[in-house]
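Trainee: FYI, in this note's numbering the residues of the sequence shown are 23 to 318.
In this text, a Cβ means the ideal position worked out from N, Cα and C, and glycines have one as well.
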Amino acid sequence: MFHRYLKLSITLALIVFVGFASAAETDQGILWKATKKEKTVYLLGSIHLATEDFYPMRSRIERAYANSDAIAVEADVLAVETDVITQQKIRMESVYHGERSLRDDLPPDLYKKLQAWMHKRNIPEAIFIRQRPAIAMITMSMIEMQAYGLNPELGIDRHFLSKAKKDGKPVLELEGVLQQFQLLNGLDNPALLLQQTLEQLEDISTFLPQVTNAWKAGDQDTLNRLIILDGLTENPEYKPLYDKLFFQRNEKMAERIMSKAPNYSSFFVIVGAGHLVGQGSIVERMKKEGYKLERI
Numbered sequence: 023m024f025h026r027y028l029k030l031s032i033t034l035a036l037i038v039f040v041g042f043a044s045a046a047e048t049d050q051g052i053l054w055k056a057t058k059k060e061k062t063v064y065l066l067g068s069i070h071l072a073t074e075d076f077y078p079m080r081s082r083i084e085r086a087y088a089n090s091d092a093i094a095v096e097a098d099v100l101a102v103e104t105d106v107i108t109q110q111k112i113r114m115e116s117v118y119h120g121e122r123s124l125r126d127d128l129p130p131d132l133y134k135k136l137q138a139w140m141h142k143r144n145i146p147e148a149i150f151i152r153q154r155p156a157i158a159m160i161t162m163s164m165i166e167m168q169a170y171g172l173n174p175e176l177g178i179d180r181h182f183l184s185k186a187k188k189d190g191k192p193v194l195e196l197e198g199v200l201q202q203f204q205l206l207n208g209l210d211n212p213a214l215l216l217q218q219t220l221e222q223l224e225d226i227s228t229f230l231p232q233v234t235n236a237w238k239a240g241d242q243d244t245l246n247r248l249i250i251l252d253g254l255t256e257n258p259e260y261k262p263l264y265d266k267l268f269f270q271r272n273e274k275m276a277e278r279i280m281s282k283a284p285n286y287s288s289f290f291v292i293v294g295a296g297h298l299v300g301q302g303s304i305v306e307r308m309k310k311e312g313y314k315l316e317r318i
């Protein structure tokens, strides 16, 4: 089950979409058109979990996909579902080996907060004690998101991955599931991962509608504030975490997008919405390399 969820980032804004009354075809979303030397790159900000009323998507988004020669995603989660070797590697890295456990990597007060959350959700402690921090964070996020009716099977990236495989379009990975997991497991201070997740889960009932409304309205400034700026302002100690999970990844993904784009007349890229907003985003990095960017 783990491999379906490894795309989740630390910030819940990247994985949320609530099924409020919705007219999906009029939702703006975050869609950019980047052009350079007669080549076109469409950049779509993804929500990794969604609800059925999210579809059909705005016609301009679907046309951008239809007109593209290939797609790119952060990680091809569909391919992993049939890749036994990768699944085995993920399982090996998902849990502690030997006598070590999650309790050993967390301060006592933080572990008590985690225990309180487990008690609230009636989850046996044994489920978590062997999980490494990244997997524990993913498990917690998935439980909370699904409690609000969200479904990973309906995520935007998964939607277009399924279409591309059916249509026979090439699928490129900007990172990869295993690489994303190794990044999370390799963080210098894994306790921050759990600490921020617990803090965000406490505010989820108010946080979700704010992010949803901003995404529907195509309000990238508000999304940037909710996803990046508020967290950094309130908790400056999280900056190294944000650097690794957002800004350093943005740079690498932008480089890969720009290296592959010349191979296609039109290239459709789907990444978490938080990677397309604010300073240090993929959009800003492509502008610096001479791409003309416009919201569509």
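Between Thr62 and the ligand MG, is there a pair consisting of the residue's CB and a ligand heavy atom that are separated by less than 7 Å?
Mentor: Absence of the ligand MG from the depicted structure is noted, as is the absence of any ligand whatsoever, leaving it without description.
Trainee: Among Thr108, Gln137 and Gly171, whose alpha-carbon lies nearest the alpha-carbon of Glu74?
Mentor: One-based indexing of the sequence shown puts residue 74 at position 52. Selected option, being the one with the closest Cα: Gly171.
Trainee: Hey, quick one: how far does the alpha helix (DSSP H) through Tyr64 stretch, first residue to last?
Mentor: Here the question's residue 64 lines up with position 42 in the sequence shown. Unbroken run through Tyr64 is the beta strand (DSSP E), Lys61 to Ser68; no alpha helix (DSSP H).
Trainee: Per the DSSP calculation, Leu315 is bridged to which residue(s)?
Mentor: Translated into the one-based positions of the sequence shown, residue 315 becomes position 293. Beta-bridge pairing links Leu315 to Ala56.
Trainee: On the premise that Trp54 lies in contact with Leu251, defined as a C-beta separation below 8 Å, what is that separation, rounded to the nearest angstrom?
Mentor: Taking the first residue of the sequence shown as position 1, residue 251 is located at position 229. Taking the first residue of the sequence shown as position 1, residue 54 is located at position 32. Not confirmed; about 20 Å, so no contact.
Trainee: Distance check for Leu66 and Ala295, CA to CA, integer angstroms please.
Mentor: One-based indexing of the sequence shown puts residue 295 at position 273. One-based indexing of the sequence shown puts residue 66 at position 44. Answer to the nearest angstrom: the Cα atoms are 7 Å apart.
Trainee: Along the chain, where does the beta strand (DSSP E) that runs through Phe290 open and close?
Mentor: Position 268 of the sequence shown holds residue 290. Taken as a continuous stretch (DSSP letters only), the beta strand (DSSP E) holding Phe290 covers Ser288 to Gly294.
Trainee: Going straight from the alpha carbon of Leu128 to that of Leu206, what length do you get?
Mentor: Position 106 of the sequence shown holds residue 128. Position 184 of the sequence shown holds residue 206. Roughly 15 Å separates the two Cα atoms.
Trainee: In its own chain, which residues sit with a C-beta less than 6 Å from the C-beta of Tyr286, not counting the 5 before and 5 after it?
Mentor: On the sequence shown, residue 286 is found 264 positions in, with the first residue counted as 1. Asp91 and Ala92.
Trainee: DSSP puts Ala92 in a beta bridge; with which residues?
Mentor: Residue mapping note: residue 92 aligns to position 70 of the sequence shown, counting from 1. Partner(s): Phe289.
Trainee: When the Cα atoms are used, what is the spatial distance from Pro328 to Ile151?
Mentor: The structure shown does not extend to residue 328, since the chain is modelled only from 23 through 318, so no value can be given for it.
Trainee: According to DSSP, is Asn257 helix, strand or coil?
Mentor: Residue mapping note: residue 257 aligns to position 235 of the sequence shown, counting from 1. Three-state DSSP puts Asn257 in coil, outside helix and strand.
Trainee: Three-state secondary structure (DSSP) at Asn211?
Mentor: As a first step, residue 211 is located in the sequence shown; it is residue number 189 there, counting from the start. Coil.
Trainee: Per DSSP, which residues does Val193 bridge with? Please list them.
Mentor: Residue numbering aside, residue 193 sits at position 171 when the sequence shown is read from its first letter. Note: Val193 sits in a beta bridge opposite Ile93.
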